[in-house]
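Colleague: First, the structure itself, so that you have it in front of you.
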Amino acid sequence: MPKKREEGLSLEGVGEATLRKLQELGVASIRHLSEFTVEELVDAGIEPERATKILRQAAALEGIHSLTLRELKQRQHQVFKTGVAEFDEKTPWGGVREAYIYEFAGEFGTGKSMLAHQLAVAAIAQGFTQRVVYVDTENTFNPVLIESIAKRFGVDFERLADAVVVVKPKTVFYLEQFVKFELPRHLEEGCKLLIIDTITALYRAEFPGREMLAARQQRIHYLIDWLRRHSHTYGLTSILTNQVMDVPEAFSVGKRPAGGNVLAHAVNARFMMVRPNKAKMEGYMWPLDVPGMSPDAQIRYQITSEGLV
Ligand SMILES: Nc1ncnc2c1ncn2[C@@H]1O[C@H](COP(=O)(O)OP(=O)(O)OP(=O)(O)O)[C@@H](O)[C@H]1O
Ligand SMILES: [Mg+2]
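Be aware that the sequence shown starts at 67, since it is given in our numbering, and climbs by one per residue.
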């Protein structure tokens, strides 16, 4: 594998040994290289001075882009429809917007995994992306569900068969390695959508309890920061589902997305999903923090065997 990736990697004044080290790491291209920090290259065994030199070149080759306010305003963003009618009607972009990080938090059975499956199908059906990477941390990915959602969206299952890539990381370490070194290969090959169902599961298992809170927060933040880098570099859209935690309130118990403040700050659009009556196949979501959307808005949905409508 590394052989193929090295094609885009040639840097002036950087010796064979260092280039080999970068390739062994899985650095796919100059573009990919430009996402790293000096500290990360030093951690990977490259001398500090050399790391600075390498990244200076990568930045110069990649260019540092700036936009005027006018350009920023005129910029068109690609969007795909989710198939959840009220979501597509009521959200500011009329669907899911490119280069954004979304979070959908909710209790068990609210439809998070269903939505995750559905977005994978919808994005491919509408040509938003050629490939979807689906990170399944809870082992709930269901090809049969993909098939029935595909029927509804009128996509041939054969078209999805190679376009949906499922990854099941065992640990936080695997997840980090994947996002830093493997995912960029997919991004270079036309993947614009990443789904992680759920983002906090591995972290809650590995960093349990209050004593580990700071470490857990830091590691989640680190991962989300890589998603931000990919969004910036490759225009990647990320969909994160999230579990909720009980929070004691004055006279009751409230629910809040797990992962605390780090997620709140790093995610571009956060929604809470609620299913008040588990006997009914319906629920609603509301914007916990979505730019341009009032927190009073309610997006109602039905849960069907072909996804959320
Ligand atoms: N293939 C299917 N056909 C019909 N209903 C389904 C299907 N898969 C799941 N459901 C139902 O849809 C509802 C939502 O399930 P989903 O797995 O999306 O919940 P979730 O929010 O991901 O929950 P969890 O936190 O347990 O992962 C559940 O009531 C479930 O029974
Ligand atoms: Mg689930």
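Each residue gets a CB set at the ideal place from its N, CA and C atoms; glycine is no exception.
Note that the structure is predicted; figures quoted are calculated from it, not measured.
Measuring only the C-alpha atoms, how far is residue 251 from residue 94?
Modeller: About 6 Å.
Colleague: Considering only their Cβ atoms, is the gap separating residue 187 from residue 233 smaller than 8 Å?
Modeller: For residue 233 and residue 187, no; Cβs fall outside 8 Å.
Colleague: Among 109, 153, 169, 82, which has the Cα closest to the Cα of residue 327?
Modeller: Nearest C-alpha to residue 327: 169.
Colleague: Where does residue 70 fall in DSSP's three states?
Modeller: With a pLDDT of only 44 at residue 70, under the threshold of 50, the placement of this residue in the model should not be trusted; the figure read from the coordinates follows. Of the three classes helix, strand and coil, the one that applies to residue 70 here is helix, per DSSP.
Colleague: Go through its chain and collect everything with a Cβ distance to residue 106's Cβ below 7 Å, but skip five positions before and after it.
Modeller: If we look at residue 106 and ignore the five residues flanking it on each side, it has no Cβ neighbours.
Colleague: Suppose you measure from the CA of residue 154 to the CA of residue 235; what does that come to, to the nearest Å?
Modeller: Near 31 Å, if we compare the C-alpha coordinates of residue 235 and residue 154.
Colleague: Can we count residue 211 as close to ligand 1, meaning its CB is less than 7 Å from some heavy atom?
Modeller: True, at least one ligand heavy atom lies under 7 Å from that Cβ.
Colleague: With DSSP as the reference, label residue 240 as helix, strand or coil.
Modeller: Three-state result, residue 240: helix.
Colleague: Do you know offhand how far residue 182's Cα is from residue 307's?
Modeller: Going by the C-alpha atoms only, they are around 8 Å apart.
Colleague: Less than 6 Å between C-beta atoms, sequence neighbours within five positions excluded: which residues of the same chain meet that for residue 282?
Modeller: Here the set comprises 269, 273.
Colleague: Hey, is residue 204 close to ligand 1, as in C-beta under 7 Å from one of its heavy atoms?
Modeller: Because some heavy atom of ligand 1 lies under 7 Å away, the Cβ of residue 204 counts as near it: yes.
Colleague: Consult DSSP for residue 311 and reduce its assignment to one of helix, strand or coil.
Modeller: Strand, per DSSP.
Colleague: Which of the three DSSP states, helix, strand or coil, is assigned to residue 304?
Modeller: Looking at residue 304 - three-state DSSP - the assignment turns out to be strand.
Colleague: Any heavy atom of ligand 1 inside 7 Å of the beta-carbon of residue 184?
Modeller: No, the beta carbon of residue 184 sits no closer than 7 Å to any heavy atom of ligand 1.
Colleague: Rank 263, 297, 257, 331 by C-alpha distance to the C-alpha of residue 284 and give the top, closest one.
Modeller: Of the listed residues, the one whose Cα sits closest to residue 284 is 331.
Colleague: Roughly how many angstroms lie between the CA atoms of residue 208 and residue 215, to the nearest whole one?
Modeller: Rounded to whole angstroms, residue 208 to residue 215 spans 11 Å at the Cα level.
Colleague: Report all residues from its chain with a CB closer than 7 Å to the CB of residue 166; omit the five preceding and five following residues, and keep chain order.
Modeller: Within the same chain, residue 166 has close Cβ partners 303, 334, 335.
Colleague: By Cβ distance below 7 Å, which residues in the same chain neighbour residue 310 in space, the five residues on each side in sequence not counted?
Modeller: These residues qualify, in order along the chain: 171, 172, 173, 321, 322, 323, 324.
Colleague: Look at the Cβ atom of residue 178, then the Cβ atom of residue 359, and state whether they are nearer than 8 Å.
Modeller: Their beta carbons are not under 8 Å apart, which means residue 178 does not touch residue 359 by this criterion.
Colleague: Who does residue 348 pair with in a DSSP beta bridge?
Modeller: Answer by DSSP bridge pairing, in chain order: 368.
Colleague: Use the C-beta contact count for residue 194: other C-beta atoms within 10 angstroms, 16 or more gives buried, fewer gives exposed.
Modeller: The residue in question, residue 194, is buried, as its Cβ has 16 or more Cβ neighbours within 10 Å.
Colleague: From residue 67 to residue 243, what distance separates their C-alpha atoms?
Modeller: Below a pLDDT of 50, predicted positions are generally treated as unreliable, and residue 67, at 40, falls in that range; the measurement from the model is reported next regardless. Going from the Cα of residue 67 to the Cα of residue 243 covers about 16 Å.
Colleague: Please list, in chain order, all residues of the same chain as residue 85 whose beta carbon is under 8 Å from its beta carbon, the five residues on each side excluded.
Modeller: Taken in chain order, the residues that qualify are 72, 75, 76, 77.
Colleague: Is residue 361 closer than 8 Å to residue 353 when the C-beta atoms are compared?
Modeller: Closer than 8 Å, so yes.
Colleague: If you measure from each residue's Cβ to the nearest non-hydrogen atom of ligand 1, which ones come out under 5 Å, in chain order?
Modeller: This selection yields 174, 175, 176, 177, 178, 179, 180, 211, 369, 371.
Colleague: Examine chain C for any beta-carbon lying closer than 8 Å to the beta-carbon of residue 309, and answer yes or no.
Modeller: The question asks about chain C, but that chain is absent: this structure has only one protein chain.
Colleague: So who's on the other strand from residue 194, going by DSSP bridges?
Modeller: Answer is none; residue 194 lacks a bridge partner.
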